[in-house]
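Keeping their order, the protein sequence lines are chains V and C.
Read in order, the letters of the first sequence are residues 63 to 190 in my numbering.
Read in order, the letters of the second sequence are residues 39 to 254 in my numbering.
Cβ coordinates follow ideal geometry from the N, Cα and C atoms, glycine included.
Computed from a predicted structure; not experimentally measured.
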Amino acid sequence: MAVDLNMKVLVVDDYKTMIRIISNLLKQIGFKNIDDAAEGGAALSKLRNGGYGLVVSDWNMEPMTGLDLLREVRADDSLKTTPFLMVTAESKTENVLAAKQAGVDNYIVKPFNAETLKGKLESVLGAF
Amino acid sequence: MTELSIDDSFNQRAEELRAARGDSVAISEVAEVVKSLMQTMDGDLSSLDIKLYREINQLASYVQNAKQEIAEIQPENLRNEQIPMATDELDAIVKSTEDATGNILDAAEELEAVSGELKGKQSERIMDVVTKIYEACNFQDITGQRITKVVNTLKHIEEELDKLTKVFGDEIKNSAEKAARKPKDDRADSHLLNGPQHSEQAASQEEIDALLASFD
Numbered sequence: 063m064a065v066d067l068n069m070k071v072l073v074v075d076d077y078k079t080m081i082r083i084i085s086n087l088l089k090q091i092g093f094k095n096i097d098d099a100a101e102g103g104a105a106l107s108k109l110r111n112g113g114y115g116l117v118v119s120d121w122n123m124e125p126m127t128g129l130d131l132l133r134e135v136r137a138d139d140s141l142k143t144t145p146f147l148m149v150t151a152e153s154k155t156e157n158v159l160a161a162k163q164a165g166v167d168n169y170i171v172k173p174f175n176a177e178t179l180k181g182k183l184e185s186v187l188g189a190f
Numbered sequence: 039m040t041e042l043s044i045d046d047s048f049n050q051r052a053e054e055l056r057a058a059r060g061d062s063v064a065i066s067e068v069a070e071v072v073k074s075l076m077q078t079m080d081g082d083l084s085s086l087d088i089k090l091y092r093e094i095n096q097l098a099s100y101v102q103n104a105k106q107e108i109a110e111i112q113p114e115n116l117r118n119e120q121i122p123m124a125t126d127e128l129d130a131i132v133k134s135t136e137d138a139t140g141n142i143l144d145a146a147e148e149l150e151a152v153s154g155e156l157k158g159k160q161s162e163r164i165m166d167v168v169t170k171i172y173e174a175c176n177f178q179d180i181t182g183q184r185i186t187k188v189v190n191t192l193k194h195i196e197e198e199l200d201k202l203t204k205v206f207g208d209e210i211k212n213s214a215e216k217a218a219r220k221p222k223d224d225r226a227d228s229h230l231l232n233g234p235q236h237s238e239q240a241a242s243q244e245e246i247d248a249l250l251a252s253f254d
């Protein structure tokens with residue numbers, strides 16, 4: 063089944079420039095409906111309002127981290143199947159393991175390129 | 039009895055013996071001097087007590103030297119001036135890289151819009167270049183995070199210095215007043231070398247031009 067590029071995507075990062083970079087790269091891939099939040103708590107509120115088909119989140123944010131957000135999403139019956147991509151500078155094995163155990167769908171380490179982002183999205187959502 | 043007075047007492051007895059007997063003194067007479075010296079000490083001191091006393095004396099000297107060295111670091115100055123200045127500068131770096139990256143992204147987005155108006159290979163080439171610009175701008179996020187780590191480390195040092203000044207308190211303040219300030223920069227115009235100013239304090243080019251013109 064073809065990926066619905068009209069789906070609402072939520073980009074979560076405490077650096078505004080990073081939100082712009084990821085949003086612009088998502089638009090290049092073809093996504094048309096991109097929203098953002100600056101930390102996990104604000105992201106969770108938006109997600110609970112409904113309608114998001116994908117979350118692309120940083121890890122190191124305050125007060126709620128990306129890992130906390132992921133756990134909340136997976137614990138919420140209305141959100142638990144939402145595809146979740148972690149995009150973060152945290153690169154230790156223990157980080158990847160923790161994210162995997164929390165239910166992350168894929169994991170991108172910063173700095174990243176457009177090809178990697180597209181590849182990981184395809185692995186999560188299917189081919190574009 | 040202090041170590042100094044033990045030495046003085048011993049020297050005095052040794053001099054008395056030399057005056058009476060010259061440099062050739064029987065071992066038994068030396069033993070008498072040592073015995074009477076031991077008896078002048080307060081209480082029933084064993085050699086272990088003397089050793090302990092010496093150790094405590096050395097420890098007291100060490101603590102005194104450490105306090106002096108800490109005072110020379112001038113922890114209050116570090117805590118109240120140097121560290122806040124350093125964290126301000128680091129925050130300014132994060133802000134200015136964020137602003138600069140924003141400007142770069144503005145330009146890249148404009149190029150992307152232009153590329154949309156073109157067709158074929160030219161459009162593709164421009165899009166490739168724009169994508170590379172987006173990828174390169176990852177740096178701002180990474181540098182920002184690294185700088186935040188440094189700022190947090192400085193804040194931790196500030197907290198530890200705070201504890202140190204509370205422990206030693208007035209003793210460090212008094213020592214610091216006596217400790218000489220080492221010059222940081224030997225250049226003759228070092229008092230004019232302040233580096234880049236924060237935007238709210240910096241003079242603009244127009245203000246500088248106006249100032250120069252006022253001398254004409």
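Helix, strand or coil at residue i according to DSSP, with G and I counted as helix
{"i": "Val-24 (chain C)", "result": "For residue 24 (chain C) there is no data in the structure shown, the boundaries of chain C being 39 and 254."}
{"i": "Phe-206 (chain C)", "result": "helix"}
{"i": "Asn-68 (chain V)", "result": "coil"}
{"i": "Phe-174 (chain V)", "result": "coil"}
{"i": "Ser-237 (chain C)", "result": "coil"}
{"i": "Ala-138 (chain C)", "result": "helix"}
{"i": "Ala-218 (chain C)", "result": "In this predicted model, Ala-218 (chain C) has a pLDDT of only 45, less than 50, meaning its place in the structure is not dependable; the value taken from the coordinates is given anyway. DSSP places Ala-218 (chain C) in coil when its eight states are reduced to three."}
{"i": "Gly-115 (chain V)", "result": "strand"}
{"i": "Met-39 (chain C)", "result": "With a pLDDT of 48 at Met-39 (chain C), under the threshold of 50, the predicted position of this residue should be treated as unreliable, though the coordinate-derived value follows. Three-state result, Met-39 (chain C): coil."}
{"i": "Tyr-77 (chain V)", "result": "coil"}
{"i": "Asn-86 (chain V)", "result": "helix"}
{"i": "Val-166 (chain V)", "result": "coil"}
{"i": "Asp-46 (chain C)", "result": "helix"}
{"i": "Asn-157 (chain V)", "result": "helix"}
{"i": "Asp-98 (chain V)", "result": "strand"}
Where residue i falls, given that 16 or more other Cβ within 10 Å makes a residue buried
{"i": "Gln-178 (chain C)", "result": "buried"}
{"i": "Gly-128 (chain V)", "result": "buried"}
{"i": "Leu-179 (chain V)", "result": "buried"}
{"i": "Glu-25 (chain C)", "result": "In this structure chain C extends from 39 to 254, so residue 25 (chain C) is not present and cannot be described."}
{"i": "Tyr-100 (chain C)", "result": "exposed"}
{"i": "Leu-156 (chain C)", "result": "exposed"}
{"i": "Ser-185 (chain V)", "result": "exposed"}
{"i": "Ala-241 (chain C)", "result": "exposed"}
{"i": "Asp-75 (chain V)", "result": "buried"}
{"i": "Val-167 (chain C)", "result": "exposed"}
Nearest candidate by alpha-carbon position, reference residue i, set the options
{"i": "Ala-72 (chain V)", "options": "V:Glu-134, V:Gly-92 and V:Ile-81", "result": "It should be pointed out that residue 72 (chain V) corresponds to Leu in this sequence rather than to Ala. Selected option, being the one with the closest Cα: V:Ile-81."}
{"i": "Val-72 (chain C)", "options": "C:Thr-125, C:Ala-52 and C:Lys-193", "result": "C:Ala-52"}
{"i": "Phe-174 (chain V)", "options": "C:Gln-235, C:Ile-121 and C:Glu-173", "result": "C:Glu-173"}
{"i": "Ala-137 (chain V)", "options": "V:Leu-116, V:Pro-125, V:Gly-115 and V:Ala-164", "result": "V:Ala-164"}
{"i": "Asn-122 (chain V)", "options": "C:Gly-182, C:Leu-97, C:Gly-60 and C:Leu-156", "result": "C:Gly-182"}
{"i": "Ser-237 (chain C)", "options": "C:Asp-61, C:Ala-58, C:Asp-137 and C:Asp-46", "result": "C:Asp-137"}
{"i": "Glu-124 (chain V)", "options": "V:Glu-134, V:Glu-101 and V:Gln-90", "result": "V:Glu-101"}
{"i": "Lys-324 (chain C)", "options": "C:Asp-254, C:Ala-98 and C:Ile-142", "result": "Outside the shown range of chain C (39 to 254) lies residue 324 (chain C), about which nothing can therefore be said."}
{"i": "His-194 (chain C)", "options": "C:Glu-110, C:Arg-117, C:Ile-246 and C:Gln-112", "result": "C:Arg-117"}
(Q) To be precise: take each residue of the region 151-180 of chain C, compare its Cβ to all Cβ atoms of chain V, and keep it if any distance is under 9 Å. Which residues remain? (A) Under the 9 Å Cβ criterion, the region 151-180 of chain C contributes Met-165, Val-168, Thr-169, Lys-170, Tyr-172, Glu-173, Ala-174, Cys-175, Asn-176, Phe-177, Gln-178, Asp-179 and Ile-180.
Alpha helix (DSSP H) segments (min. 4 residues) lying fully within the region 156-204 of chain C: Taking only runs of at least 4 residues, the alpha helix (DSSP H) segments lying wholly in the region 156-204 of chain C are 158-174.
Chain V contacts from the region 134-149 of chain C (Cβ-Cβ distance under 8 Å): So the close ones are Glu-136, Thr-139, Gly-140, Leu-143, Ala-146 and Glu-147.
Chain C contacts from the region 89-122 of chain V (Cβ-Cβ distance under 7 Å):
Answer in chain order: Gln-90 and Asn-122.
Contact residues within the region 66-90 of chain V, judged by C-beta distance below 8 Å to chain C: Of all residues in the region 66-90 of chain V, Asp-75, Tyr-77, Lys-78, Thr-79, Met-80, Arg-82, Ile-83, Asn-86, Leu-87 and Gln-90 have a Cβ within less than 8 Å of some Cβ in chain C.
Practice item. Quick one: which residues of the region 148-178 of chain V get their C-beta closer than 8 Å to a C-beta of chain C? List them in chain order. Key: Contacts with chain C (Cβ-Cβ distance below 8 Å) from the region 148-178 of chain V involve Ala-151, Lys-172, Pro-173, Phe-174, Asn-175 and Ala-176, listed in chain order.
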